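Residue numbers (the numbering used here): 2 to 157. Here the structure is laid out as structure tokens; the discussion comes afterwards.
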């Protein structure tokens, strides 16, 4: 995953919720082009953070055996802009899970202030078409970075 936006996964409650955090200092290169002169964390990155926290929650249910991909955002709200420097707290809660995927609801907060919330559909798939050999989403590097246990060599 090119944009691993979660610094640390702090909560992983199987089948219920996940929680993570991410700091932005305002020095990241994308701030130079996004609203020049008024640095805010782009809403697309806030959604991606929710999707990543939700993906870990859904992937953890089957020990990261399958890829978990964002399929749909049914609703999203951004009541307040996230201005750096800031520590963002991301939470994803499982609403409905099935073998083929799951509906999740996620929030991004600065302290107790919600800066983003979204309801998303994530799908599970064996392999991403056209992708290089091995897992795309839950690579060994990603799992190791976050201290998650994967299924081991038989996964590839």
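In this text, a Cβ means the ideal position worked out from N, Cα and C, and glycines have one as well. All figures in this text were calculated on a predicted structure; none of them were measured in a lab.
Counterpart residues of residue i in DSSP-defined beta bridges
i          : result
residue 19 : 13 and 93
residue 77 : 119
residue 32 : None, per the DSSP bridge assignment.
residue 71 : 123
residue 25 : 87
Of the listed residues the options, nearest to residue i (C-alpha basis)
i           : options             : result
residue 56  : 38, 84, 13 and 131  : 13
residue 125 : 42, 58, 141 and 23  : 58
residue 8   : 108, 91 and 64      : 91
residue 136 : 16, 28, 60 and 78   : 60
residue 181 : 18, 100 and 40      : This structure gives no information on residue 181, because the portion of the chain shown stretches from 2 to 157.
residue 73  : 131, 114, 89 and 51 : 51
residue 71  : 43, 102 and 83      : 102
residue 85  : 117, 95 and 39      : 39
residue 143 : 29, 65 and 87       : 65
residue 18  : 131, 98, 25 and 93  : 93
residue 80  : 110, 36, 62 and 97  : 110
residue 62  : 97, 32 and 133      : 97
Residue range of the alpha helix (DSSP H) that includes residue i
i          : result
residue 48 : 44 to 61
Distance between beta carbons of residue j and residue i, contact taken as under 8 Å
i           : j           : result
residue 116 : residue 47  : 7 Å
residue 4   : residue 49  : 6 Å
residue 95  : residue 16  : 6 Å
residue 21  : residue 54  : 5 Å
residue 106 : residue 120 : 5 Å
residue 118 : residue 78  : 5 Å
Distance cut-off 7 Å: residue i Cβ against heavy atoms of the ligand NAP
i           : result
residue 148 : You won't find the ligand NAP in this model; it holds no ligand whatsoever.
Quick check for students: name the residue ranges of the beta strand (DSSP E) that lie wholly in the region 85 to 148, counting only runs of 3 or more.
Taking 3 residues as the minimum length, the beta strand (DSSP E) runs contained wholly in the region 85 to 148 are 87 to 99, 102 to 111 and 114 to 126, in order along the chain.
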